[in-house]
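Residue numbering for the sequence shown is 43 to 356, as defined by the working numbering. Working notes, beginning with the structure itself.
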Amino acid sequence: MKLLKFPFLVQNRIIKTMSVTETVILSFCSAKTKRIIKNSRWIVSFVRFRLEKQQVLIDLFYNKTHVETLMLVFKHVNQFSENTETVHLKNIELELRFVKLDWKLPADEYFPELDFDVIQVLDECSNGFRIELYKHLLDLFQTTPRVPIIWFGSKFRELERVVVETTLKGQPMENSKLSLARNLVIEKTQDQVNFIKHFKGQVGSFKKCECDISFIIEIIELWISNKAFQSLDYLSMTTDNFLAWNENDVVQAIETHPWNPMKRPQNYGKSYEILHWNISPLECAYFRDVTSETDGKLASFSILSSSFQFVVWN
Numbered sequence: 043m044k045l046l047k048f049p050f051l052v053q054n055r056i057i058k059t060m061s062v063t064e065t066v067i068l069s070f071c072s073a074k075t076k077r078i079i080k081n082s083r084w085i086v087s088f089v090r091f092r093l094e095k096q097q098v099l100i101d102l103f104y105n106k107t108h109v110e111t112l113m114l115v116f117k118h119v120n121q122f123s124e125n126t127e128t129v130h131l132k133n134i135e136l137e138l139r140f141v142k143l144d145w146k147l148p149a150d151e152y153f154p155e156l157d158f159d160v161i162q163v164l165d166e167c168s169n170g171f172r173i174e175l176y177k178h179l180l181d182l183f184q185t186t187p188r189v190p191i192i193w194f195g196s197k198f199r200e201l202e203r204v205v206v207e208t209t210l211k212g213q214p215m216e217n218s219k220l221s222l223a224r225n226l227v228i229e230k231t232q233d234q235v236n237f238i239k240h241f242k243g244q245v246g247s248f249k250k251c252e253c254d255i256s257f258i259i260e261i262i263e264l265w266i267s268n269k270a271f272q273s274l275d276y277l278s279m280t281t282d283n284f285l286a287w288n289e290n291d292v293v294q295a296i297e298t299h300p301w302n303p304m305k306r307p308q309n310y311g312k313s314y315e316i317l318h319w320n321i322s323p324l325e326c327a328y329f330r331d332v333t334s335e336t337d338g339k340l341a342s343f344s345i346l347s348s349s350f351q352f353v354v355w356n
């Protein structure tokens, strides 16, 4: 690449004359070009992501009055077109192909009067691609993005597997699309724990929760009374507050029973893969059992000093 042959001051000057879309596409070429761009281009206050059909619009706020918008167009394909450039994202085993598409594109797919750099992504790689693209842009902009996640989730007909890696601000609405995700991981739940009570999916894993043992007791009671978690198979919570939770507090508050081999297996054999998160089968001999008051269904839970696991036997 010719850019790498120039002195740093010249590289800096060239990059500053490029559009934000051009510089982001350039950042995919190599780790060195990405490092040059990070040192030359970005002084961003915050980033806002918007999703519109096959486009991702990223607004870069440099200050209160200066905003630039980066637009990337994605096209999911069964196989890559010929005469396209191949680039790689770090930590992912897939190739992206950039191809210049012009006014010949169908009018109902893109704006016919403009040219776009279109990122071709194989259908089979679409999930991993989105995660790695997000991480790449987050590192490139060196700032925390602001994502209206409830609105973002509403753009999809169904949410099969969702991982929220960033910090949530504000309480998600009780009937938000996020609460309907079939498989959900929130890595920084923190003080958003009340959202867990409204989770309607099958598998939920909530990290870095800020709550005491009374909240976990409430979670179990909601399941026992069938007031929530009717579709639940597996739920887990963790906290960074060591020695925050004690299982004896739950045993004193709720009627529980030790494992009975006549009623359930010793091991919970199901495993789950939620994007890059893997949940392995559990050995449940030391789990405590609870029974649903409405249908007699059995569930088991384990509480350690900083973790809670809850499984439902079907």
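Where a beta carbon is used, it is the ideal one built from N, C-alpha and C, also for glycine. Model, not experiment: these values are computed from the prediction.
Going by CA-CA distance only, name the one from Val292, Gly246, Lys230, Met279 that's closest to Ile259.
By 1-based counting over the sequence shown, the position of residue 259 is 217. Comparing Cα positions, the closest option is Val292.
For a minimum of 3 consecutive residues, which ranges assigned as the beta strand (DSSP E) are wholly contained in the segment 309-336?
Within the segment 309-336, the complete beta strand (DSSP E) runs of at least 3 residues are 314-316, 319-321, 330-333.
Applying the criterion that 16 or more other CB atoms from any shown protein chain within 10 Å of the CB defines a buried residue, is Met361 buried or exposed?
Outside the modelled stretch of the chain, which goes from 43 to 356, sits residue 361, for which no answer is possible.
Tell me His358's beta-bridge partners as DSSP assigns them.
Nothing can be reported for residue 358: it is not among the residues displayed for the chain, which extend from 43 to 356.
Kindly indicate which residue of Ser123, Phe116, Glu335 has the alpha-carbon position closest to the one of Glu357.
This structure cannot speak to residue 357, because the chain is shown only from 43 to 356.
Assuming Phe350 and Trp287 form a contact by the criterion Cβ under 8 Å, report the distance between their Cβ atoms to the nearest whole angstrom.
As a first step, residue 350 must be located in the sequence shown, where it is residue number 308. As a first step, residue 287 must be located in the sequence shown, where it is residue number 245. The C-beta distance from Phe350 to Trp287 rounds to 7 Å, short enough to fall under 8 Å.
State the start and end residues of the unbroken beta strand (DSSP E) segment that holds Ala341.
On the sequence shown, position 299 is the one that residue 341 refers to. Ala341 -> beta strand (DSSP E) spans 340-345.
Taking buried to mean at least 16 other C-beta atoms within 10 Å of its own C-beta, is Glu155 buried or exposed?
Here the question's residue 155 lines up with position 113 in the sequence shown. With a pLDDT of 47 at Glu155, under the threshold of 50, the modelled position of this residue cannot be trusted; read the value that follows with caution. Taking every protein chain shown into account, the CB of Glu155 has fewer than 16 other CB atoms within 10 angstroms, so this residue is exposed.
Enclosing beta strand (DSSP E) for Thr65 [first to last residue]:
Reading the sequence shown from its first residue, position 23 is the one you call residue 65. Unbroken run through Thr65 is the alpha helix (DSSP H), 62-69; no beta strand (DSSP E).
Inter-residue spacing [alpha-carbon to alpha-carbon] between Asn225 and Leu114
Here residue 225 refers to the residue found at position 183 when the sequence shown is read from its first residue. Here residue 114 refers to the residue found at position 72 when the sequence shown is read from its first residue. Each residue's Cα considered, the two are about 27 Å apart.
Measure the beta-carbon distance from Phe32 to Val235 and round it to whole angstroms, keeping in mind my assumption that it falls under 8 Å.
Because the chain is modelled from 43 through 356, residue 32 falls outside the range shown and cannot be assessed.
Hey, is Thr281 close to the ligand FAD, as in C-beta under 7 Å from one of its heavy atoms?
For the ligand FAD, the structure offers nothing, since it holds no ligand at all.
Using the C-alpha atoms, what's the distance from Lys177 back to Lys58?
Your numbering for residue 58 matches position 16 in the sequence shown. Your numbering for residue 177 matches position 135 in the sequence shown. Approximately 23 Å, taken between the alpha carbons.
If I measure Cβ to Cβ from Val354 and keep anything under 7 Å in the same chain, skipping five residues before and after, which residues do I get?
Indexing the sequence shown from 1 puts residue 354 at position 312. For Val354, same chain residues with a beta-carbon under 7 Å away, outside a window of 5 residues either side, are Leu274, Asp275, Lys339, Ala341 in chain order.
Quick one: give me the first and last residue of the beta strand (DSSP E) that Asn225 is part of.
The residue you call residue 225 lines up with position 183 of the sequence shown. Start and end: 225-228.
Count the other CB atoms within 10 Å of the CB of Ser221; is the residue buried (16 or more) or exposed (fewer)?
Sequence index remark: in the sequence shown, residue 221 carries index 179 (1-based). Ser221 should be labelled buried.
Can you give the Cα-Cα distance for Ile100 and Leu68, rounded to whole angstroms?
For the purposes of this step, residue 100 is taken as residue 58 along the sequence shown, with counting starting at 1. For the purposes of this step, residue 68 is taken as residue 26 along the sequence shown, with counting starting at 1. Each residue's Cα considered, the two are about 16 Å apart.
Take the Cβ of Thr209 as the centre, count every other Cβ of all protein chains shown within 10 Å, and call the residue buried at 16 or more, exposed below.
Counting from one through the sequence shown, the residue named residue 209 turns up at place 167. It counts as exposed.
Given Ala295 as reference, the closest of Arg330, Asn356, Asp181 once Cα atoms are compared
The count along the sequence shown starts at 1 and reaches residue 295 at position 253. Nearest neighbour of Ala295 by Cα position, chosen from Arg330, Asn356, Asp181, turns out to be Arg330.
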